[in-house]
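Data first, discussion second: the structure below is written as structure tokens.
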Amino acid sequence: MLSVLKAIWAVLLHMFRPRVTVQYPEERPHIPPRWRGRIILSRDPDGEERCVACYLCAVACPVDCIALQATEDGHGRRYPEFFRINFSRCIFCGFCEEACPTYAIQLTTDFEMGEYVRQNLVYEKEHLLISGTGKYPGYNFYRVAGLSVKGKDKGQAENEEPPVDLKSLLPGRMESEQ
Amino acid sequence: MDGKKTVTIYVEGKPHQVEEGKNLLDACLSLGYDIPYFCWHPAMHSVGACRQCAVKQFRDEKDTRGRIVMSCMTPAADGTRISINDPEAVKFRASVIEWLMTNHPHDCPVCDEGGECHLQDMTVMTGHSYRRFRSRKRTHRNQYLGPFVNHEMNRCIACYRCVRFYNDYAGGRDFGVFGAHNYVYFGRYKDGVLENEFSGNLVEVCPTGVFTDKTLKRHYTRKWDLQTAPSICVHCGLGCNTIPGERYGTLRRIRNRYNGEINGYFICDRGRYGYEFINNENRFRFPVRLERHGDGEKTGTFGSGEVIPHIKSILQRARGVIGIGSPRASLEANFALRRLVGKERFYQGTSAGEARIMADIVNILGNGPARTPSLRETESCDAVFVLGEDLTNTAPRMALALRQSVMQQPARLAAGMKIPRWDDKGFREAVQNNKGPLYIAHPHGTKLDDAAAAVFRGAPEDIARLGFAVANLLDDNAPGPVKDLPGEASSLAEEIARALENAEKPLVISGASLKTPALIHAAANIAFALVKKGKPACLSYAAPECNSMGLSLMGGAPMEDALKTVQAGEADTVIILENDILAGQMAPDQAEALLSARNVILIDHLPGRTSSMAGIILPASTFAEGSGTFINSEGRAQRFYKVFDPSGDIQESWRWLRDIMVDMAYPGASGWLTLDDIVSSLSAEIPGLRAVANAAPPEGFRMAGMKIPRQPHRYSGRTSMNAALNVHEPKPAEDHDSPLTFSMEGYAGQPPSPLIPRFWAPAWNSAQAVNKFQPEVNGPLRGGDPGVRLFEPKENALMDYFGKEIPQAFTPEKERLFAVPVYHIFGSEPLSSLSPAIAGRIPAPYIALRPEDAEKMRVPEGHVIELPPFGSLSVRIDGSLPEGLAGIPYGLPGLKDMELPAWINSPAAAKKGGQ
Amino acid sequence: MSEALRSIIIILSVIGGVMTIAAGLIWVERRLLALWQDRYGPNRVGAFGLLQVLADMIKVLTKEDWIPPFADKSVFFLTPAIIAITTLLTFAVIPFTSTILVADLNIGVLFFLAMSSLGVYSVTLAGWASASKYSLLGGLRAAAQMISYEVFMGLSLMGAVMLAGSFDLRVIVEAQRGLWYVVPQFAGFVIFFIAGVAETHRLPFDLPEAESELVAGYHSEYSGMKFGMFFVGEYIGITLISALITVLFFGGWLGPVLPPVVWFLIKTFFFIGFFILLRAALPRPRYDQLMALGWKVLLPVSLLNLAVTGGIMLAGR
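Residue numbers (this note's numbering), protein chains in the order written: chain A, 32 to 209; chain B, 66 to 980; chain C, 10 to 326.
Following this line, the structure appears as structure tokens:
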């Protein structure tokens, strides 16, 4: 019985405590840099699209809100023909970012995405693609991949030997030594 | 294990019964254990090259140290004790894969194999996850290998599977291994198109992404995103099982669907790459009305629900309606048309010649004593005689089976040396270049000739005469002897007769491609004679189209009779089912006469020559957009299932016909709501097709109360793929025809074999997962291979020899040449020809001439001549043609056809007329 | 001014006043709860969020008025009205001042008890008519809880009635000119307050609604203005119980300096505030604990209170 009265008293005293509510939007909350907000597609240091359309973000997505189609430029570089995120389904879990092997897809600190029309929450590649490298500067997938693309021939990636000269029987004879 | 001795082996201390002498890898995989492997392939056996399948073997119970052996190279003996999980074996395997991976590029995200990569699976299975090797990776330049296969040599782990398949299994000659030690290179001697008709299988044979599907690359989709359903190839009569995959409403690729009795692990390139006609932008998607006013032509459309009443009014006013069926339409579609127009007014949609040949084949196989073999049985036949069929081009998978059958007799040699068949290197060393008896008689050289013991060249009549001679040599009661047989031919006939007689399981093959009934009869006579001698003789006929057999079983008069009916004024309305009758089946003038009937209603999926003359066109589904049943050349009824729901008004042909019948209050189709309804009607009405209802489980079939999902459980993008059109997700399509569903939800385990939508098992994402669907590796699928056979040889069946018509020997003429059709795997089949990849391999129209004839006419190779009715043809010199014959490619797009074989004016004479 | 006109004005102003207070309580409660929970509460619609009430009303009035197809339609339709009517009717006997009252019944206390007994039907029938398991469970709980607590509620008032010697609420107030009854009848006050919380099924005794167990209890299936009636009925109930406490134990309108009606309102609002404080502070007991408290503690104590009061009165005569 006494505990009930004590509880009532304790709650009553909260009248004189400061309020903890942050009065957003007048007051801006602190957003940590690793916040999982609006998703973007970044570019590599050369300014090319980082996304290679490997579909890993799409398959990692627990609500299946990412759809894309891979295509290729004339030099073997893969990129998405279209890349669509249905933000009305997105739960901002960040699995897509974790799955991305090229640091292309990243979650940002922007969370103010409210819309009156749900259709406006469907973002296409033009809405997602930014012009910088985002959180991960310096990384360029095609510099470490074995595939040749424009400006990077076979054997020119990091940690690669020049292509093998098949016509030679000598051990370790490469094209460049011809 | 059919009489073979079983022994007990101990795996991790647990006893198991396995067949004696089997290799341990095969045995363990069959028992359900996971052992990683690369170079071993169930159809190509062991070579022990990759060292990945290492396990530990112990001498006896007391032996605790054991020794590492390669499981693929170690036979199972009684009391063999092995451990897969032994720490040393585990470490050994991890080290092997770590070495294999030292040069493997960082490519998975941009590699088409990713997600169904055997190397990925095996790397995960062995637990190798971190690259310790710090040195540089070796690189290679890629080659252009043609429109089918993409080459990315950096990814190679040198398992040698590709050369073993391409050269040893498929008989290819333009592919090999180059270089030495760490730099071995798999490819052609220089850039160029892979010539072999089975090159597409490299995609599935390669354990990683060196060889990938080039057509898939243009609209790339991961395996986990493909909506798939069990399907049947429509590009020849063999009925290979396939897995088409769809994404975003277009078909993305075809994969082999293992059927132990038919295609096994391999399909031909026409089957694999011919699918893109489905994505053709000219597809009919809505009903169309074509009106001709004077010389102008107008295309009109129908409002929703207007077309059926319109057709109803046409049919009610018609003076008579006839239906033209199709050998490439499903049984159900043909049956529905037959119901609509009536049995007497249903025509087969094939020429009189072909209809007669198919009727003979059905009669011989259905009532005769010889067994029609499955392709697996074909592989086990040890003497084969092919009469007038260029199998590589008309029934390619059968040609591949014959390449295996020639190893049957040499296998006895190896068995005598106690070399098991699975020891592939040892086996091939033992048999050297020995080949079993395969005899090919054909008017021109074929690609299978290199595997043959002897070949015979002659006009179709001469080939038939050779066949009759062989039959007569085997049994005096058979018609003959054939008079005036040249000495060469008669000694060959004797050789063939002896080879067939001495074989354990002889096989005779012929087919409809030369349109010569005498060939069918000669082949039947040989098989009958062998059966009389007590041989378990097999008899195979290559059917021209995927459902020729089904159409023939259903019956109906040929198209020429349809024309007579129209010309006699008994009918003025023609309904044509999935058939481009202007493109080859009958003489063009006759077809045009038929199409000038007052009303022509066409149900088809693609514009062709016929569609431009039709009044109304109803959009039909292709094999990937509808479900139905085909009967293959073996006489096996197989069900194919809708892979995806098509856009527009496309629906199965039988549904269009059903709608017409229902609208006309026609009682015949009132109960046809689902595929099962029409299948049960059809199997009840046509005695020969009674078993068709058993070809696959009915719609009501459920696994643990659930349907079987067409989408893999990792299917992605479900809530986004249609969001650009409307953020509110559409209701998924429903399927009332099959136990499959257009969803990722449903039964997660293994369905019965006719319903397997894809091969996947936990930890086995690649095509190798098929191991998990077989109780015995390389054996039938769990629960038996799909399909039901309609023909079984009758006990003591008595069928008279065919023989009233042993043809006269062919006599060459001076002014004319006898043109035989030359078939092309890429080009002779109209649907696949519409696929861009295949289109790139179609030869330009040509005429094949003997060098002597060409010289006489003074036309050099490549010279273009005008030859009516074919148009312009370039000259190709072919030394293999016998005197008096010329070859003209069959069914090439753009080539105006006449029915072949036929006499044509000598091109020299035509040339004058043409210029 | 004629007597009839005066009565009509009083009746209209009482109904208007009570309804305004009940509606305003929606905002007051949310603000007070927020205050005690270190929050702000509704502060966006209008000044101090005052227009929140208007917004809520617009919302509740424009919502789809859905009657489940499986419900007993006529009963389902009727029940929300019962609770609003019975609680409002009781205000007829409440003396706001010696002159502002609708009906000076000499059995005012009994009228209140009769009306509150009728109120049980609303909740119980709502639970039954909804034909849903959560509603039915809520209705059953409500029936048992309200009938039980009505017993102690009646008994706890009897002390005050005995002291004043009348069932007339105006007489009871007048009798407190010397000493508010809360002093001699402290036990009676406590029991009446607890029973009042239970009668209005407010927290902590909101077992008939119990959103964590029964979705929304007896009004799970209600929506739109029907739900609104339950909602408003609850606030009218709070106001009623607070007004009665003021009348029975705290001297009604009596007080120095300020006009009587102001005193009445001050006292009533204090108790309303206390109701809300209880909600902010106390957790909900188990159902068996609720019944045990009633029958094993409150009933003996209220009987004892009556006996002692009676004894002292006899002794003092």
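All residues carry an ideal CB built from backbone N, CA and C; glycine is no exception.
I'd like to know if residue i contacts chain C, where contact means its C-beta is closer than 8 Å to some C-beta of that chain.
i: residue 53(A); result: no
i: residue 42(A); result: yes
i: residue 45(A); result: yes
i: residue 35(A); result: yes
Does the beta carbon of residue i sit closer than 8 Å to a beta carbon anywhere in chain A?
i: residue 792(B); result: yes
i: residue 977(B); result: Confidence in residue 977(B) is poor, its pLDDT being 47 and thus under 50, which makes the residue's placement unreliable; the coordinate value appears in the next sentence. For residue 977(B), the answer is no, since every Cβ of chain A falls outside 8 Å of its Cβ.
i: residue 243(B); result: yes
i: residue 552(B); result: no
i: residue 272(B); result: no
i: residue 66(B); result: Here the model assigns residue 66(B) a pLDDT of 40, short of 50, so the residue's position is not dependable, and the following value carries that caveat. It does not; no Cβ of chain A falls within 8 Å.
i: residue 170(B); result: yes
i: residue 45(C); result: yes
i: residue 287(C); result: yes
i: residue 257(B); result: no
i: residue 287(B); result: yes
i: residue 248(B); result: yes
Cβ of residue i within 8 Å of Cβ of residue j?
i: residue 352(B); j: residue 773(B); result: no
i: residue 221(B); j: residue 198(B); result: no
i: residue 71(B); j: residue 182(B); result: no
i: residue 51(C); j: residue 36(C); result: yes
i: residue 509(B); j: residue 887(B); result: yes
i: residue 236(B); j: residue 516(B); result: yes
i: residue 570(B); j: residue 447(B); result: yes
i: residue 32(C); j: residue 62(C); result: yes
What in chain A is Cβ-close to residue i, meaning under 7 Å?
i: residue 786(B); result: 98
i: residue 290(B); result: 86
i: residue 175(B); result: 83, 85, 109, 176, 178
Determine the chain A residues that contact residue i at a beta-carbon separation under 8 Å, and present them in chain order.
i: residue 193(B); result: In chain order: nothing, as chain A lies at least about 18 Å away.
i: residue 48(C); result: 50, 51, 52
Taking C-beta pairs closer than 8 Å, name the residues in chain B that residue i reaches, listed in chain order.
i: residue 104(A); result: Within chain B, no residue comes near residue 104(A); the closest Cβ sits about 12 Å away, beyond 8 Å.
i: residue 194(A); result: 204, 205, 206
Would you verify that the beta carbon of residue i is, or is not, closer than 8 Å to some beta carbon of chain B?
i: residue 124(A); result: no
i: residue 77(A); result: no
i: residue 197(A); result: yes
i: residue 120(A); result: yes
i: residue 72(A); result: no
Against residue i, what residues of chain C qualify as contacts under a CB-to-CB distance less than 9 Å, listed in chain order?
i: residue 38(A); result: 290, 291, 292
Please list, in chain order, the chain B residues whose beta carbon lies closer than 7 Å to that of residue i.
i: residue 191(A); result: 201, 202, 204
i: residue 117(A); result: 784, 785, 788, 792
i: residue 130(A); result: Here the premise fails: no neighbours, minimum Cβ distance about 10 Å.
For the stretch 870-878 of chain B and the stretch 709-726 of chain B, state whether three or more C-beta atom pairs, one from each stretch, are separated by less than 8 Å.
-> They do not touch, by the three-pair rule.
Check whether the stretch 900-910 of chain B touches the stretch 338-352 of chain B, taking contact to mean three or more Cβ pairs, one atom from each stretch, closer than 8 Å.
-> As far as the Cβ criterion goes, the stretch 900-910 of chain B touches the stretch 338-352 of chain B, which means the pair count is three or higher.
The stretch 143-167 of chain A: which residues have C-beta closer than 8 Å to a C-beta of chain B, in chain order?
-> Cβ contacts with chain B come from 149, 150, 152, 153, 155.
Segment contact, 8 Å Cβ cut-off, at least three pairs: the stretch 299-309 of chain B with the stretch 449-462 of chain B | Below 8 Å, enough C-beta pairs join the stretch 299-309 of chain B and the stretch 449-462 of chain B to call them touching: three or more.
Contact list for the stretch 516-538 of chain B against chain A, Cβ threshold 7 Å | Result list empty, no residue passes.
Spell out a yes or no on whether the stretch 694-714 of chain B and the stretch 797-812 of chain B are touching, meaning 3 or more CB-CB pairs, one atom from each, closer than 8 Å.
-> Per the Cβ contact rule, the stretch 694-714 of chain B is in contact with the stretch 797-812 of chain B (3 or more Cβ pairs under 8 Å).
According to a CB-to-CB cut-off of less than 8 Å, which residues of the stretch 211-224 of chain B neighbour chain A?
-> Those would be 217, 219, 220, in chain order.
Taking contact to mean at least 3 C-beta pairs separated by less than 8 Å, is the stretch 225-232 of chain B in contact with the stretch 103-118 of chain B?
-> The stretch 225-232 of chain B vs the stretch 103-118 of chain B: in contact.
Under 9 Å (Cβ pairs) to chain A, residues found in the stretch 306-335 of chain B = Answer set for the stretch 306-335 of chain B: 312, 313.
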